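The opening position of the sequence shown corresponds to residue 1 in full-length UniProt numbering, with each subsequent residue numbered one higher. Since the structure comes first, as structure tokens, the remarks are kept for the end.
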Amino acid sequence: MVGPELKIISRRLSIGEDARSVLLDSYQRLPYREYYFFILAVMININGGGQVRDVMSRLAKQISDAKIMDRKKFAMTSEARMSVKVLALIPVGFIFIMNFLSPENFDILINTETGQYILYYAVGSVCLGLAIIWNMMNKAV
């Protein structure tokens, strides 16, 4: 994916196009955060000079640190994610058990209009609660 893009960049630069526009066009085709950092490092090096090796090694360290933080975030939220899954399965399990333990109440819940409203309310409440928890989890980390 990046190899063909670098060939396009090389070809465009060799015919004399402006490096900034070539690199920004490339970012439009590959809109990844790490690739953007790479492009910025190259543009800074072109404009200001300096050692490409130092810039690239710092960039590689920052990308590596970002990946480590993503893994830590994933590990730290694993308990909360599992809790959300368990909470989502409890109502399904309850309905399944209700079918065997109290078939007459299950019939009322499924076959009457009032029971269906109660069921819709319960499903909607659970979905809303799960959406709120999921949103909180994603914002907190």
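For glycine and all other residues, C-beta sits at the position ideal for the given N, C-alpha and C. Just so we're clear, the structure is a prediction, and the values are computed from it rather than from any experiment.
Around the CB of residue 23, 16 or more other CB atoms lie within 10 Å, so the residue is classed as buried. A Cβ-Cβ distance of about 6 Å is found for the pair residue 29 and residue 5, placing them in contact under the 8 Å criterion. Residue nearest to residue 126 within the set 85, 98 and 3 is 85 (criterion: CA-CA distance). Residue environment: residue 38 is assigned as buried (16 or more neighbouring CB atoms within 10 Å of its CB, all protein chains considered). Each of 110, 139 and 33 was checked against the Cα of residue 66, and the nearest Cα belongs to 33. Contact between the stretch 85-105 and the stretch 66-75 is not established, with fewer than three Cβ pairs separated by less than 8 Å. If you draw a 10 Å sphere on the C-beta of residue 83, you find fewer than 16 other C-beta atoms in it, and that means exposed.
Inter-residue distance for residue 103 and residue 137 is about 38 Å (C-alpha atoms, whole angstroms). With respect to the 8 Å criterion, residue 130 and residue 119 are not classified as neighbours on the basis of their beta carbons. Between the beta-carbon of residue 9 and that of residue 26 there is about 5 Å, and that keeps the pair under the 8 Å contact cut.
Note on the stretch 70-134: whole alpha helix (DSSP H) runs with a minimum of 4 residues are 78-101 and 103-111, in chain order.
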